[in-house]
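Colleague: Supplied in structure tokens, the structure appears directly below.
2 protein chains.
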Amino acid sequence: MATDEKQAREQLIDLAAEFYDQFAGGRIPEMTLPTRTKSNIEYDPESGVWTYGDRTSTRTANSVRGARKLLKAVYTIEFLADQLEEGRSSTLRELYYLSESWDNDEAQFTSQDESNDLVEDLEIVSGVTREDFHMRPEESGATLMGPLELREQTRRGEREIHCQEDVGEGGYQIPNNPDMIEFLEHDIDFVLCVETGGMRDRLVENGFDEEYNCLVVHLKGQPARATRRITRRLNDELGLPVVVFTDGDPWSYRIFGSVAYGSIKSAHLSEYLATPAARFIGIRPEDIVEYDLPSDPLSDSDVSALESELEDPRFQTDYWEEQIELQLDIGKKSEQQALASRGLDFVTDTYLPERLGEMDVL
Amino acid sequence: MATDEKQAREQLIDLAAEFYDQFAGGRIPEMTLPTRTKSNIEYDPESGVWTYGDRTSTRTANSVRGARKLLKAVYTIEFLADQLEEGRSSTLRELYYLSESWDNDEAQFTSQDESNDLVEDLEIVSGVTREDFHMRPEESGATLMGPLELREQTRRGEREIHCQEDVGEGGYQIPNNPDMIEFLEHDIDFVLCVETGGMRDRLVENGFDEEYNCLVVHLKGQPARATRRITRRLNDELGLPVVVFTDGDPWSYRIFGSVAYGSIKSAHLSEYLATPAARFIGIRPEDIVEYDLPSDPLSDSDVSALESELEDPRFQTDYWEEQIELQLDIGKKSEQQALASRGLDFVTDTYLPERLGEMDVL
Numbered sequence: 000m001a002t003d004e005k006q007a008r009e010q011l012i013d014l015a016a017e018f019y020d021q022f023a024g025g026r027i028p029e030m031t032l033p034t035r036t037k038s039n040i041e042y043d044p045e046s047g048v049w050t051y052g053d054r055t056s057t058r059t060a061n062s063v064r065g066a067r068k069l070l071k072a073v074y075t076i077e078f079l080a081d082q083l084e085e086g087r088s089s090t091l092r093e094l095y096y097l098s099e100s101w102d103n104d105e106a107q108f109t110s111q112d113e114s115n116d117l118v119e120d121l122e123i124v125s126g127v128t129r130e131d132f133h134m135r136p137e138e139s140g141a142t143l144m145g146p147l148e149l150r151e152q153t154r155r156g157e158r159e160i161h162c163q164e165d166v167g168e169g170g171y172q173i174p175n176n177p178d179m180i181e182f183l184e185h186d187i188d189f190v191l192c193v194e195t196g197g198m199r200d201r202l203v204e205n206g207f208d209e210e211y212n213c214l215v216v217h218l219k220g221q222p223a224r225a226t227r228r229i230t231r232r233l234n235d236e237l238g239l240p241v242v243v244f245t246d247g248d249p250w251s252y253r254i255f256g257s258v259a260y261g262s263i264k265s266a267h268l269s270e271y272l273a274t275p276a277a278r279f280i281g282i283r284p285e286d287i288v289e290y291d292l293p294s295d296p297l298s299d300s301d302v303s304a305l306e307s308e309l310e311d312p313r314f315q316t317d318y319w320e321e322q323i324e325l326q327l328d329i330g331k332k333s334e335q336q337a338l339a340s341r342g343l344d345f346v347t348d349t350y351l352p353e354r355l356g357e358m359d360v361l
Numbered sequence: 000m001a002t003d004e005k006q007a008r009e010q011l012i013d014l015a016a017e018f019y020d021q022f023a024g025g026r027i028p029e030m031t032l033p034t035r036t037k038s039n040i041e042y043d044p045e046s047g048v049w050t051y052g053d054r055t056s057t058r059t060a061n062s063v064r065g066a067r068k069l070l071k072a073v074y075t076i077e078f079l080a081d082q083l084e085e086g087r088s089s090t091l092r093e094l095y096y097l098s099e100s101w102d103n104d105e106a107q108f109t110s111q112d113e114s115n116d117l118v119e120d121l122e123i124v125s126g127v128t129r130e131d132f133h134m135r136p137e138e139s140g141a142t143l144m145g146p147l148e149l150r151e152q153t154r155r156g157e158r159e160i161h162c163q164e165d166v167g168e169g170g171y172q173i174p175n176n177p178d179m180i181e182f183l184e185h186d187i188d189f190v191l192c193v194e195t196g197g198m199r200d201r202l203v204e205n206g207f208d209e210e211y212n213c214l215v216v217h218l219k220g221q222p223a224r225a226t227r228r229i230t231r232r233l234n235d236e237l238g239l240p241v242v243v244f245t246d247g248d249p250w251s252y253r254i255f256g257s258v259a260y261g262s263i264k265s266a267h268l269s270e271y272l273a274t275p276a277a278r279f280i281g282i283r284p285e286d287i288v289e290y291d292l293p294s295d296p297l298s299d300s301d302v303s304a305l306e307s308e309l310e311d312p313r314f315q316t317d318y319w320e321e322q323i324e325l326q327l328d329i330g331k332k333s334e335q336q337a338l339a340s341r342g343l344d345f346v347t348d349t350y351l352p353e354r355l356g357e358m359d360v361l
């Protein structure tokens with residue numbers, strides 16, 4: 000086992016040992032967690048990410064329901080510790096089904112939500128991420144393309160891969176656990192995270208990554224944890240500026256928000272997954288006006304999403320307030336591919352260079 | 000331009016030339032297409048795939064509406080011919096937006112459905128696929144993992160990639176146009192197409208591709224055209240058996256159907272995209288019973304989907320009738336990851352080897 004696997008295993012065993020000690024000391028076992036409701040999530044201006052507030056709730060074995068929850072936790076801890084011991088991994092869904100093979104019926108999960116929530120609870124109390132438990136998500140991250148050479152530790156040995164020279168046009172597929180990647184050499188000036196596959200392909204076809212020494216990260220809509228994690232590491236470890244390029248609508252601003260500030264669902268992992276230094280390049284409502292982009296009218300749900308963003312602490316900056324109010328005012332949204340109305344090269348020849356210049360990235 | 004690009008371009012120009020000749024001959028220009036409704040789609044037992052029936056409809060310029068449609072077709076043909084001339088490509092969504100830059104307002108598309116449909120019409124009348132027009136889909140295909148060495152012709156030169164030795168655990172990302180791939184060497188005994196990411200990762204973690212010389216193709220739900228195309232080519236060009244491994248529910252049988260027999264939407268391309276020799280490995284309703292898999296009850300929409308499959312010519316074989324009737328009888332469905340209830344290795348040590356043996360693939 001690698002050091003971090005040993006450490007993850009020990010932290011899990013410590014949790015189980017705590018229950019044991021509580022029993023041995025004649026106390027009713029319990030587990031204390033931050034309250035995981037929206038009202039207990041706070042924006043921490045210092046780290047620039049979402050974190051849990053001070054409120055906690057306690058799971059105690061003094062009811063049948065509570066005791067059953069702790070029993071499930073203990074079985075899951077045993078499974079995860081064995082999995083780490085054997086250097087294996089599994090998906091959240093497999094864990095749910097696997098519980099059917101456990102020798103105690105009471106320990107079996109009744110729904111996948113229950114096992115998913117328990118794994119998140121264990122992440123929080125142990126301070127170990129799901130990836131370090133070797134729990135894989137159902138769907139993997141997206142792809143990278145740009146001047147980066149990396150080494151991926153795979154089960155079949157090490158692979159050294161250059162994300163332009165050793166890959167096809169599809170790019171390098173981010174593995175489920177990007178912490179198995181070591182960055183070797185790079186010639187990257189900035190990281191450009193792109194929402195849609197169509198735009199990612201446009202940038203690659205136009206050679207934007209080569210011309211501007213840029214690493215194109217495909218977000219593929221709402222980004223997977225693996226994609227957010229590697230973005231964070233690129234910013235942290237290589238000190239690279241990160242810009243996010245999405246459609247110009249409230250749902251896409253949320254995509255930016257989850258890259259930059261973290262999501263409510265994974266607030267306990269914001270410092271691991273979020274990149275507070277990430278900046279939004281567009282499509283800004285201002286761009287819809289300035290570049291006279293083809294647009295669609297805002298729907299009712301767009302309008303209420305924008306209004307709720309105005310209340311969202313993540314978006315309470317002069318920049319976002321101005322943009323969101325402008326958008327409510329013009330009543331329009333545009334997709335990133337709408338830039339094609341000015342020709343297929345407009346985005347790489349004009350729009351991105353102009354915006355990157357304004358943002359002092361170029 | 001490569002030969003096939005030249006040919007695609009010529010076939011487009013021929014179409015435009017036909018309109019010109021009709022004009023020059025004093026006739027009203029028109030374009031005849033097979034009627035693209037469900038009732039005009041037939042299962043061709045000989046080729047084993049869906050094709051259009053004999054009914055046709057004619058677009059003629061003798062109404063403003065019809066004339067406008069042909070005008071749009073001519074503008075699109077010009078755009079596509081230029082794109083091929085310049086060795087470029089674009090997405091369907093870019094084409095829609097790009098039409099805003101055309102000098103004739105009447106030629107602009109009013110919705111993306113309109114431009115998508117027109118490109119499909121052009122595929123049908125010219126006999127050239129969208130990929131050969133260099134029109135990319137929004138989202139790319141999935142990944143390959145297995146003993147295959149291939150050469151991909153990229154815009155940046157050739158890349159030779161071994162789909163086990165030169166890729167990370169994420170595998171080789173299929174490019175948008177898999178006809179840019181040439182198969183070099185391989186040691187594959189059979190191709191295993193897998194519906195879910197979780198199961199794909201399980202097979203790779205357990206080294207199933209190495210132990211059984213199998214190429215694992217991730218379908219990622221309903222497979223993209225690129226994924227179906229490469230599966231067809233693996234079967235055609237390398238003569239490899241193809242088996243499809245999905246969840247055990249009616250929606251997954253449709254995934255199998257689209258791999259094996261083609262989809263109604265792309266019936267004009269069945270001979271290019273479908274693999275009639277593909278066989279279904281599971282999860283069969285019979286497996287739910289035989290392996291006592293964890294299951295969920297069929298919902299009302301599951302039941303009506305199964306009933307409509309019984310009416311579907313693609314599923315009118317003894318095998319499918321028996322399986323679907325059994326499923327309606329037991330009233331249950333199971334996911335492929337439900338096999339984990341027998342342990343994480345059950346699928347690779349027991350289930351797949353047993354089924355492959357029964358199917359004479361092993």
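Quick mapping for you: the protein sequence lines, in order, are chains C and B. Numbered by numbering that gives the first Met the number 0, the letters in the first sequence go through residues 0 to 361 in order. Numbered by numbering that gives the first Met the number 0, the letters in the second sequence go through residues 0 to 361 in order. Here a beta-carbon is modelled for each residue, glycine too, at the ideal position from N, C-alpha and C.
#1: By the 10 Å Cβ neighbour count, where 16 or more other Cβ atoms means buried, how is Q378(C) classified, buried or exposed?
#2: Give a yes or no on whether 9 Å exceeds the smallest Cβ distance from A337(B) to chain C.
#3: Using three-state DSSP, classify P284(B) as helix, strand or coil.
#4: Let me know the alpha helix (DSSP H) ranges lying completely inside the region 4-92 of chain B, each 4 residues or longer, listed in chain order.
#5: Just mark L191(B) as buried or exposed, buried being the case when its beta carbon has 16 or more other beta carbons within 10 Å.
#6: Does any CB atom of chain C fall closer than 9 Å to the CB of P293(B)?
#7: Under 7 Å between beta-carbons, which chain C residues line up against S100(B)? List them in chain order, please.
#8: Listed in chain order, which residues of the region 166-197 of chain C have Cβ atoms closer than 9 Å to some Cβ of chain B?
#9: Check for me: the beta strand (DSSP E) holding E148(B) runs from which residue to which?
#10: Can you give me the C-alpha to C-alpha distance between S56(B) and N39(B), rounded to a whole angstrom?
#11: Mind checking if T128(C) is an interface residue toward chain B, Cβ cutoff 9 Å exclusive?
#12: For E137(B), return the contacting residues in chain C, with the cut-off set at a CB-CB distance below 8 Å.
#13: Less than 9 Å between CB atoms is the rule here; does I160(C) satisfy it with respect to chain B?
#14: Using a C-beta cutoff of 9 Å, does Y96(B) count as contacting chain C?
#15: Check whether chain C comes within 9 Å of T230(B), counting only Cβ atoms and requiring the distance to be less than that.
#16: With C-beta atoms as the reference, is A276(C) less than 9 Å away from F255(C)?
#17: Given a threshold of 16 other Cβ atoms within 10 Å of its Cβ, counted over all protein chains shown, does T90(B) qualify as buried or as exposed?
#18: According to DSSP, what are the bridge partners of L355(B)?
#19: Counting only beta-carbon atoms, is D3(C) nearer than 9 Å to chain B?
#20: For the putative contact between A141(B) and I187(B), defined by C-beta atoms under 8 Å, what is the C-beta separation to the nearest angstrom?
#21: Of all the options E334(C), E270(C), S125(C), K71(C), which has the alpha carbon lying nearest to the alpha carbon of T31(C)?
#22: Buried or exposed: where does L318(B) fall if 16 or more other Cβ atoms within 10 Å of its Cβ makes it buried?
#23: Taking I123(C) as part of the alpha helix (DSSP H), name the residues at either end of that continuous run.
#24: Among residues of its own chain, excluding the 5 on either side of Y271(C), which ones have a beta-carbon nearer than 8 Å to its beta-carbon?
#25: Is it the case that the Cβ atoms of N103(B) and L70(B) are separated by a distance below 9 Å?
#26: Do M198(B) and F244(B) count as a contact pair if the criterion is CB distance below 9 Å?
#27: Listing by chain order, which chain B residues have their CB less than 8 Å from the CB of R92(C)?
#28: For the candidate residues E85(C), E113(C), E84(C), whose alpha-carbon lies nearest to that of L405(C)?
#29: Just to confirm, are S269(C) and Q221(C) a CB contact at a threshold of 9 Å?
#30: Run the CB neighbour count on L183(C), radius 10 Å, all protein chains shown included, and call it buried at 16 or more, exposed below.
#31: Between L233(C) and L14(B), what straight-line distance do the alpha-carbon atoms span, to the nearest angstrom?
#32: Can you confirm whether the region 280-292 of chain C touches the region 322-331 of chain C when touching is taken to mean that 3 or more C-beta pairs between the two stretches lie within less than 8 Å?
#33: Measure the C-alpha to C-alpha separation of N176(B) and A225(B) and round it to an integer number of angstroms.
#34: Tell me, please, whether the region 196-215 of chain B touches the region 202-214 of chain C by the rule of three or more beta-carbon pairs shorter than 8 Å.
#35: Would you list, in chain order, the members of the region 142-157 of chain B that have their beta-carbon closer than 8 Å to a beta-carbon of chain C?
#36: With a threshold of 9 Å between beta carbons, is R201(C) in contact with chain B?
Modeller: Straight from the coordinates:
#1: Chain C is shown only over 0 to 361; residue 378(C) falls outside these bounds and no answer can be derived.
#2: Within the second sequence, residue 337(B) is the residue found at index 338, counting from 1. Yes, because at least one Cβ of chain C sits closer than 9 Å to the Cβ of A337(B).
#3: As a position in the second sequence, residue 284(B) is number 285, starting the count at 1. Correct three-state label for P284(B): helix.
#4: For the region 4-92 of chain B, whole alpha helix (DSSP H) runs of length 4 or above, ordered along the chain, are 63-84.
#5: Stepping through the second sequence from its first residue, residue 191(B) is reached at position 192. Buried is the call here.
#6: Here residue 293(B) refers to the residue found at position 294 when the second sequence is read from its first residue. So yes, P293(B) belongs to the interface.
#7: As a position in the second sequence, residue 100(B) is number 101, starting the count at 1. Here the neighbours are S340, R341, G342.
#8: Within the region 166-197 of chain C, the qualifying residues are V166, G167, E168, G169, G170, Y171, Q172, I173, P174, N175, N176, M179, I180, T195, G196, G197.
#9: For this step, residue 148(B) is matched to residue 149 along the second sequence. That run of the beta strand (DSSP E) goes 147-153.
#10: The sequence position of residue 56(B) within the second sequence is 57, counting from 1. The sequence position of residue 39(B) within the second sequence is 40, counting from 1. Going by the C-alpha atoms only, they are around 11 Å apart.
#11: Counted from its first residue, the first sequence places residue 128(C) at position 129. For T128(C), the answer is no, since every Cβ of chain B falls outside 9 Å of its Cβ.
#12: If you number the second sequence from 1, residue 137(B) lands on position 138. What E137(B) touches in chain C: T195, G196, G197.
#13: As a position in the first sequence, residue 160(C) is number 161, starting the count at 1. The beta carbon of I160(C) sits closer than 9 Å to some beta carbon of chain B.
#14: Taking the second sequence and counting its residues from 1, the one referred to as residue 96(B) is at position 97. Yes, contact with chain C.
#15: By 1-based counting over the second sequence, the position of residue 230(B) is 231. Chain C contact via Cβ: absent.
#16: Locating residue 276(C) in the first sequence gives position 277, counting from the first residue. Locating residue 255(C) in the first sequence gives position 256, counting from the first residue. Going by C-beta atoms, A276(C) is not nearer than 9 Å to F255(C).
#17: Within the second sequence, the letter at position 91 stands for residue 90(B). Buried, since its Cβ has 16 or more Cβ neighbours within 10 Å.
#18: Within the second sequence, residue 355(B) is the residue found at index 356, counting from 1. L355(B) pairs with nothing; no bridge assigned.
#19: Residue 3(C) sits at position 4 when you count from the first residue of the first sequence. Contact of D3(C) with chain B is not assigned, every C-beta pair being separated by 9 Å or more.
#20: Residue numbering aside, residue 141(B) sits at position 142 when the second sequence is read from its first letter. Residue numbering aside, residue 187(B) sits at position 188 when the second sequence is read from its first letter. So it is not a contact: roughly 17 Å between Cβ atoms.
#21: Taking the first sequence and counting its residues from 1, one reaches residue 31(C) at position 32. Of E334(C), E270(C), S125(C), K71(C), the residue nearest in Cα terms is S125(C).
#22: Within the second sequence, the letter at position 319 stands for residue 318(B). In the sequence as presented, Leu is not what sits at residue 318(B); that position holds Tyr. Exposed, because fewer than 16 other Cβ atoms sit within 10 Å of the Cβ of Y318(B).
#23: For the purposes of this step, residue 123(C) is taken as the residue at position 124 of the first sequence. Secondary structure note for I123(C): its alpha helix (DSSP H) is the uninterrupted segment 111-125.
#24: Position 272 of the first sequence, counted from the first residue, corresponds to residue 271(C). For Y271(C), same chain residues with a beta-carbon under 8 Å away, outside a window of 5 residues either side, are T128, R228, R231 in chain order.
#25: Here residue 103(B) refers to the residue found at position 104 of the second sequence. Here residue 70(B) refers to the residue found at position 71 of the second sequence. Their beta carbons are under 9 Å apart, which means N103(B) touches L70(B) by this criterion.
#26: Numbered from its first residue, the second sequence carries residue 244(B) at position 245. Numbered from its first residue, the second sequence carries residue 198(B) at position 199. Cβ atoms of F244(B) and M198(B): closer than 9 Å.
#27: By 1-based counting over the first sequence, the position of residue 92(C) is 93. At a beta-carbon threshold of 8 Å, the residues of chain B lying near R92(C) are G197, E334, Q336, A339, ordered along the chain.
#28: What is shown of chain C runs 0 to 361, which leaves residue 405(C) out entirely.
#29: On the first sequence, residue 269(C) is found 270 positions in, with the first residue counted as 1. On the first sequence, residue 221(C) is found 222 positions in, with the first residue counted as 1. Cβ atoms of S269(C) and Q221(C): not closer than 9 Å.
#30: Counted from its first residue, the first sequence places residue 183(C) at position 184. Within 10 angstroms of the beta-carbon of L183(C) lie fewer than 16 other beta-carbons, which makes it exposed.
#31: The residue labelled residue 233(C) in the question sits at position 234 within the first sequence. The residue labelled residue 14(B) in the question sits at position 15 within the second sequence. Cα to Cα, L233(C) sits roughly 50 Å from L14(B).
#32: With three or more CB-CB distances shorter than 8 Å, the region 322-331 of chain C counts as touching the region 280-292 of chain C.
#33: For the purposes of this step, residue 176(B) is taken as residue 177 along the second sequence, with counting starting at 1. For the purposes of this step, residue 225(B) is taken as residue 226 along the second sequence, with counting starting at 1. If you draw a straight line from the Cα of N176(B) to the Cα of A225(B), it comes to about 6 Å.
#34: Put simply, the region 196-215 of chain B does not touch the region 202-214 of chain C. Fewer than three CB pairs are less than 8 Å apart.
#35: If the cut-off is 8 Å between Cβ atoms, the region 142-157 of chain B has T142, E151, T153, R154, R155 near chain C.
#36: For the purposes of this step, residue 201(C) is taken as residue 202 along the first sequence, with counting starting at 1. Taking Cβ atoms only, chain B reaches closer than 9 Å to R201(C), which makes this a yes.
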